[in-house]
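S.K.: Just dropping this structure here.
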Amino acid sequence: MGRYTIRRLLQLIPVLLGTTFLINYMVWQLPGDPFAGRCGQRPCPDSYVSAMRAQFGLDQPILLQYWQFLKNMLSGNLGVDFNQVPVVTQLADAWPITIRLALLAVAIEAVIGISAGVLSGLKRGGFIDNVVTISTLFLLSLPVFVTGFLLQWLLGVQFQIITPTVSDEAPIMELIVPAFVLASLNMAFTARLTRTSIVENRRSDYVRTAIAKGLTNRRVVGVHLLRNSLIPVLTFLGTEVGSLMSGAIITEGIFNIHGIGGLLYRAITGQDYTIVVPIASLLVLVYLVSNLLVDLLYGVLDPRIRYE
Amino acid sequence: MRVTKGAKIAAGSALLALGVAACGGGSGSSGGGGSNPRTATGTVYIRGCEPQTGFVPGNINETCGGTVNDFVYSKLVKYNPDTAAPELDQAASIDTTDNKVWTIKLKPGLKWSDGTPVTAKNYVDSWNYTAYSPNAQIGSSWFADIVGFDKVNTADPDGPDGPKQAPKPETDKLAGLEVVDDTTFKVTLAAPTAVFRTKLGYITFAPLPEAFFKDPKGFASNPVTNGPFKFVKWDHNSQIVVAANPDYAGVEKPKVKQIVYKMYKDDDAAYADLVSNNLDFTELIPPSALAGDKWKTDLGDRAIEGQQGVIQTVSFPLFDKEFGGNADFRKAISLAVDRKTITDKIFNKGRVPLDSWVSPIVEGYKAGSCGEFCTYDPVKAKDYLAKAKAAGYTPPKEFPIWYNGDSAHKEWVDAMANSINQALGADAGFTVVGRSMPTFDEFRSVITEHKIKGMFRTGWQMDYPHIEDFLNPLVKTGASSNDGLYSNKALDEKLHEADIATDQNQSVSLYQEAEAMLAQDMPTIPLWSYGLQAGTSKWVTGVKVTPFGELDPLSIAIKEA
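Heads up: the protein sequence lines correspond to chains U and X, in order. Take the first sequence: its letter number 252 is residue 267 in the working numbering, and every next letter is one higher. Take the second sequence: its letter number 129 is residue 190 in the working numbering, and every next letter is one higher.
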């Protein structure tokens with residue numbers, strides 16, 4: 016297990032190098048001058064464009080720029096963005112909010128999704144099963160921004176139970192509704208995935224054996240059935256954490272949450288690669304690590320899976 | 062018994078009422094009942110966005126930064142929030158006899174927020190700093206009228222793309238600026254410029270204190286200012302806080318203690334906050350609320366309507382044989398655009414059809430200078446198209462109208478294309494189509510490199526409320542924003558004549574004559590002028606919006622209980 020983890024961690028290095036190079040290269044290839052649009056309908060003065068290009072090394076060849084980027088990344092010095100604001104502080108402001116939101120969303124997804132899936136899977140064709148099937152179908156067919164605007168308008172503007180937008184500090188209490196919106200779609204996925212898994216495994220030999228042994232229903236379901244059924248769900252939730260960490264641009268926009276999604280969106284539209292590249296690189300890292308964790312968790316859930 | 066029962070009911074319903082009130086007002090920041098939650102702190106919250114640059118007035122060229130900088134910097138001149146007319150602000154007098162040499166006297170007793178006095182030297186230093194090209198300030202070209210500009214600002218011989226670098230300027234002081242005494246300075250312009258006085262209210266002409274020159278970088282994020290409000294803090298991507306400046310010398314004092322410039326990524330989010338009274342002001346009502354005038358029912362008497370000095374035009378690449386067309390062709394296109402229907406249906410009358418190249422709210426606007434050519438007339442449009450073809454111009458089969466896809470332009474561009482296609486009929490020999498480029502950056506790059514193939518949308522947001530600002534930068538030969546490379550000698554001469562005229566009124570009428578000449582060539586097609594839709598919360602009162610579409614920070618006040 017230890018060696019496996021180390022091997023996987025070592026694999027991260029070439030993957031990171033490759034992806035960051037690609038990201039740098041693609042940003043470099045984007046059409047349009049990042050400083051052409053900064054003066055509106057007027058062209059920017061040459062002296063300004065030259066000074067900005069020199070400051071950000073845009074006048075250097077791409078390999079040199081990439082080398083500079085790697086050096087800065089490793090020394091933790093990300094410099095400033097095109098607005099001359101330190102990149103590190105912007106990331107430090109935005110990440111905690113995004114992480115809070117993502118974890119909350121995944122928690123909501125896991126708790127509601129898995130319990131709905133288990134309940135409906137155990138009583139296939141029953142009343143609960145039908146309710147879950149219909150409500151998940153409903154959630155699946157609603158785009159996130161519809162759910163978001165609807166809840167904001169209903170709870171925030173109409174009934175005034177919540178504030179329509181989240182304050183700058185983004186405390187957990189205010190994030191519940193946005194997290195629910197974010198989770199709504201994947202909650203339905205999780206529920207359906209769990210249900211199928213449960214239905215399938217209920218007929219398997221080990222469950223029959225467990226029942227024949229005279230174990231209580233609770234133990235059969237809670238320990239034998241659930242643990243095995245969770246493997247596909249876990250894979251799904253694992254990748255989900257990764258994608259949620261990249262920020263939820265739409266949800267963050269609707270509720271005005273100052274997270275990574277909005278930062279990334281603003282940077283992409285402004286071609287501000289000083290922000291895009293570090294965020295994208297960090298996201299690669301998040302994906303790789305969360306995938307590794309999921310792989311390791313398989314071993315915990317199913318003792319038959321061993322890593323050498 | 063009766064009494065007790067009655068009392069019980071009364072008490073019960075009172076409790077119920079309290080409960081309901083608490084629910085109704087339970088939106089976090091608001092207290093219960095009718096009391097105004099803003100009174101306790103004196104703070105109001107307005108919609109904002111993250112500025113691209115910091116608090117250095119010479120380096121700002123976008124609305125997010127411009128708005129908040131206007132709160133904290135006072136200039137020599139300010140524009141009347143109702144009429145857009147220039148009025149003296151920090152200047153006690155601005156005198157000239159020939160529109161060439163200007164003597165500017167400051168009011169006595171003006172102070173910076175660090176307590177030091179505002180002096181003539183502050184103005185001169187600031188202007189010199191901005192104009193000096195090695196400082197790479199965005200606003201440098203604003204000082205090109207002043208004598209000695211070419212000595213402090215050198216051009217890169219082969220542009221920023223070329224390998225050569227701009228030579229170091231001879232000096233860092235504009236020869237045309239001279240400090241006379243603490244409160245007086247003299248400006249000498251290279252040529253008489255009647256509109257110079259009006260220009261002085263633009264943010265680039267603000268002064269900078271001594272503190273700036275000690276640490277320009279640090280100053281940008283923690284400035285010392287001379288305006289009605291002073292800087293308190295800036296949490297990047299979330300808020301900027303400014304507080305009333307107790308030393309502010311202006312006649313009209315701020316009526317609130319603090320303004321929080323709260324940043325929103327999404328206009329809809331800001332609007333939702335406004336409707337539920339968590340936000341006190343926004344000047345951007347989202348399209349979803351404008352549709353069917355929903356915002357007026359939502360906001361009632363909290364809705365503010367007006368005009369702002371922004372116009373939308375479509376330009377032709379006159380340097381391109383294929384898509385430049387000839388004058389008759391451009392007239393045909395203009396005649397085929399049903400401006401009224403588009404502004405009614407797509408903008409819900411939020412924009413006003415234009416019949417001239419100048420915003421209706423500025424000094425020098427003359428109705429109907431585009432005249433018949435800006436009035437929808439399919440029959441005449443066909444006539445002009447026939448004339449254009451007779452003169453030897455064959456339009457390409459597909460004629461695009463380009464726009465940037467990252468803002469809401471698709472709807473009107475498509476509507477305009479439809480309008481033209483319908484008016485010119487199926488036998489026109491070409492179809493007009495809307496085409497987008499992904500980002501504004503890319504769009505502007507293609508335009509400034511003169512590689513665009515088709516008509517393209519151009520908008521103009523006035524820098525100062527004067528007809529000159531809609532002509533010189535846009536249609537003069539070689540002007541900075543003359544994107545279609547239009548050139549007309551007679552027009553240039555007329556503009557020059559207007560520039561150097563010593564009499565204000567005569568200058569304006571010369572500009573109007575110049576504008577009228579545009580109707581012969583139609584280098585750009587005027588479409589509509591932007592209306593202004595803003596809204597306030599129920600906690601504030603007296604709110605005025607300037608013709609620049611910004612909140613007048615002195616107007617906003619908190620409602621008494």
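All residues carry an ideal CB built from backbone N, CA and C; glycine is no exception. Please read all numbers here as calculations on a predicted model, not as lab measurements.
Taking its Cβ as the centre, do 16 or more other Cβ atoms sit within 10 Å of L37 of chain U, making it buried, or is it exposed?
M.R.: Here residue 37 of chain U refers to the residue found at position 22 when the first sequence is read from its first residue. Classification for L37 of chain U: exposed.
S.K.: How far does the beta strand (DSSP E) with Y591 of chain X in it reach, from first residue to last?
M.R.: Residue numbering aside, residue 591 of chain X sits at position 530 when the second sequence is read from its first letter. Its beta strand (DSSP E) spans residues T585 to T597.
S.K.: Going along chain U in order, which residues have a C-beta closer than 7 Å to the C-beta of V336 of chain X?
M.R.: Position 275 of the second sequence holds residue 336 of chain X. Simply V172.
S.K.: Kindly list the residues whose CB is nearer than 8 Å to the CB of Y445 of chain X, restricted to its own chain and excluding five residues on each side of it in sequence; keep chain order.
M.R.: Looking up residue 445 of chain X in the second sequence gives position 384. So the list reads D389, F390, K392, A393 and L396, once near-sequence residues are dropped.
S.K.: Tell me whether Y313 of chain U sits in a helix, a strand or coil according to DSSP, three-state version.
M.R.: Numbered from 1 along the first sequence, position 298 holds the residue referred to as residue 313 of chain U. Y313 of chain U: helix per DSSP, three-state reduction.
S.K.: How about S299 of chain X and D329 of chain X: are their beta carbons less than 8 Å apart?
M.R.: Your numbering for residue 299 of chain X matches position 238 in the second sequence. Your numbering for residue 329 of chain X matches position 268 in the second sequence. Taking 8 Å as the Cβ cut-off, S299 of chain X and D329 of chain X do not qualify as a contacting pair.
S.K.: Which chain X residues are close to F195 of chain U, counting only those with a beta carbon under 9 Å from its beta carbon?
M.R.: The residue given as residue 195 of chain U occupies position 180 in the first sequence. Residues of chain X passing the Cβ test: none, with the nearest at roughly 17 Å.
S.K.: Would M41 of chain U be called buried (16 or more neighbouring beta carbons within 10 Å of its own) or exposed?
M.R.: The sequence position of residue 41 of chain U within the first sequence is 26, counting from 1. That one is exposed.
S.K.: Would you say K291 of chain X touches the ligand SAM, meaning its beta carbon is less than 7 Å from a heavy atom?
M.R.: Of the ligands one can find in the structure shown there are none, so the ligand SAM has no counterpart to examine.
S.K.: Using the three-state DSSP reduction, which class does Q113 of chain X fall into: helix, strand or coil?
M.R.: One-based indexing of the second sequence puts residue 113 of chain X at position 52. Residue state, collapsed to three classes: coil.
S.K.: Could you check what DSSP says for D416 of chain X in three-state terms: helix, strand or coil?
M.R.: Within the second sequence, numbered from 1, the residue matching residue 416 of chain X stands at position 355. Looking at D416 of chain X - three-state DSSP - the assignment turns out to be coil, as it is neither helix nor strand.
S.K.: Whole beta strand (DSSP E) runs in the region 194 to 249 of chain U with 3 or more residues, listed along the chain?
M.R.: Runs found: none.
S.K.: Chain X partners of V292 of chain U, CB-CB under 9 Å?
M.R.: Taking the first residue of the first sequence as 1, we reach residue 292 of chain U at position 277. Those do not exist, as V292 of chain U stays about 17 Å from chain X at its closest Cβ, beyond 9 Å.
S.K.: By how many angstroms is the C-alpha of I619 of chain X removed from the C-alpha of E189 of chain U?
M.R.: Residue 189 of chain U sits at position 174 when you count from the first residue of the first sequence. Residue 619 of chain X sits at position 558 when you count from the first residue of the second sequence. Distance between the alpha carbons of E189 of chain U and I619 of chain X: 27 Å.
S.K.: Assess contact between the region 196 to 212 of chain U and the region 275 to 282 of chain U, defined as three or more Cβ pairs (one per stretch) separated by less than 8 Å. Is contact present?
M.R.: Touching, no.
S.K.: Are the CB atoms of F460 of chain X and G515 of chain X within a distance shorter than 8 Å?
M.R.: Counted from its first residue, the second sequence places residue 515 of chain X at position 454. Counted from its first residue, the second sequence places residue 460 of chain X at position 399. Yes.
S.K.: Using a Cβ-Cβ cutoff of less than 6 Å, which residues in the same chain neighbour K161 of chain X once the five nearest sequence positions on both sides are dropped?
M.R.: Residue numbering aside, residue 161 of chain X sits at position 100 when the second sequence is read from its first letter. These residues qualify, in order along the chain: L250 and P253.
S.K.: Give me the Cα-Cα distance between H297 of chain X and E111 of chain X, rounded to the nearest whole angstrom.
M.R.: One-based indexing of the second sequence puts residue 297 of chain X at position 236. One-based indexing of the second sequence puts residue 111 of chain X at position 50. Taking the straight line joining both Cα atoms gives about 7 Å.
S.K.: DSSP three-state label for W173 of chain X, please.
M.R.: Stepping through the second sequence from its first residue, residue 173 of chain X is reached at position 112. Note: W173 of chain X maps to coil in three-state DSSP.
S.K.: Can a CB atom of chain X be found closer than 8 Å to the CB of S261 of chain U?
M.R.: If you number the first sequence from 1, residue 261 of chain U lands on position 246. So, not an interface residue.
S.K.: Examine chain U for any beta-carbon lying closer than 8 Å to the beta-carbon of Y325 of chain X, and answer yes or no.
M.R.: Your numbering for residue 325 of chain X matches position 264 in the second sequence. It does; some Cβ of chain U falls within 8 Å.
S.K.: Please state the DSSP three-state secondary structure of M324 of chain X.
M.R.: Within the second sequence, the letter at position 263 stands for residue 324 of chain X. Correct three-state label for M324 of chain X: strand.
S.K.: Could you tell me which whole alpha helix (DSSP H) segments of length 4 or greater appear in the region 56 to 91 of chain U?
M.R.: Here the runs fully enclosed are 61 to 70 and 77 to 89.
S.K.: With a threshold of 8 Å between beta-carbons, can V64 of chain U be considered close to chain X, or not?
M.R.: Taking the first residue of the first sequence as 1, we reach residue 64 of chain U at position 49. Cβ-Cβ to chain X under 8 Å: yes for V64 of chain U.
S.K.: Using a C-beta to C-beta distance shorter than 8 Å, which residues of chain X count as neighbours of I269 of chain U?
M.R.: Counting from 1 along the first sequence, the entry for residue 269 of chain U is found at position 254. Going along chain X in sequence order, the residues near I269 of chain U (Cβ under 8 Å) are D327, D329 and A330.
S.K.: For the beta strand (DSSP E) holding Y140 of chain X, just list the boundary residues, first then last.
M.R.: Sequence index remark: in the second sequence, residue 140 of chain X carries index 79 (1-based). Note, Y140 of chain X: beta strand (DSSP E), V138 to Y140.
S.K.: In chain order, which continuous runs of the alpha helix (DSSP H) of length 4 or greater are located wholly inside the region 523 to 581 of chain X?
M.R.: Those alpha helix (DSSP H) runs which fall completely within the region 523 to 581 of chain X and span 4+ residues are 529 to 536 and 550 to 561.
S.K.: Just how far apart, CA to CA, sit L612 of chain X and L340 of chain X?
M.R.: Your numbering for residue 612 of chain X matches position 551 in the second sequence. Your numbering for residue 340 of chain X matches position 279 in the second sequence. Looking at the two C-alpha atoms, the distance is approximately 14 Å.
S.K.: Looking at the C-beta of N122 of chain X, does it have a partner C-beta in chain U at a distance below 8 Å?
M.R.: Stepping through the second sequence from its first residue, residue 122 of chain X is reached at position 61. Yes, because at least one Cβ of chain U sits closer than 8 Å to the Cβ of N122 of chain X.
S.K.: Of all Cβ atoms in chain U, is any one closer than 8 Å to the Cβ of R505 of chain X?
M.R.: Taking the first residue of the second sequence as position 1, residue 505 of chain X is located at position 444. At least one chain U Cβ lies under 8 Å of R505 of chain X.
S.K.: Across which residues does DSSP place S154 of chain X in a beta bridge pair?
M.R.: Position 93 of the second sequence, counted from the first residue, corresponds to residue 154 of chain X. X:K166, per the DSSP bridge assignment.
S.K.: If we call anything under 8 Å between Cβ atoms a contact, is N271 of chain U one with D327 of chain X?
M.R.: In the first sequence, residue 271 of chain U corresponds to position 256, counting from 1. In the second sequence, residue 327 of chain X corresponds to position 266, counting from 1. In contact: N271 of chain U and D327 of chain X (Cβ atoms closer than 8 Å).
S.K.: Beta carbon of S244 of chain U, beta carbon of T35 of chain U: below 8 Å?
M.R.: In the first sequence, residue 244 of chain U corresponds to position 229, counting from 1. In the first sequence, residue 35 of chain U corresponds to position 20, counting from 1. Going by C-beta atoms, S244 of chain U is not nearer than 8 Å to T35 of chain U.
S.K.: Provide the residue span of the alpha helix (DSSP H) that contains V606 of chain X, from first to last.
M.R.: By 1-based counting over the second sequence, the position of residue 606 of chain X is 545. No alpha helix (DSSP H) holds V606 of chain X; DSSP gives it neither H nor E.
S.K.: Report all residues from its chain with a CB closer than 7 Å to the CB of G170 of chain X; omit the five preceding and five following residues, and keep chain order.
M.R.: In the second sequence, counting from the first residue as 1, residue 170 of chain X sits at position 109. Excluding positions up to five away in sequence, the list reads A310.
S.K.: Got a sec: is the Cβ-Cβ distance from K69 of chain X to anything in chain U below 8 Å?
M.R.: In the second sequence, counting from the first residue as 1, residue 69 of chain X sits at position 8. Bear in mind that the predicted position of K69 of chain X carries a pLDDT of just 37, short of 50, making it too unreliable to give a figure here.
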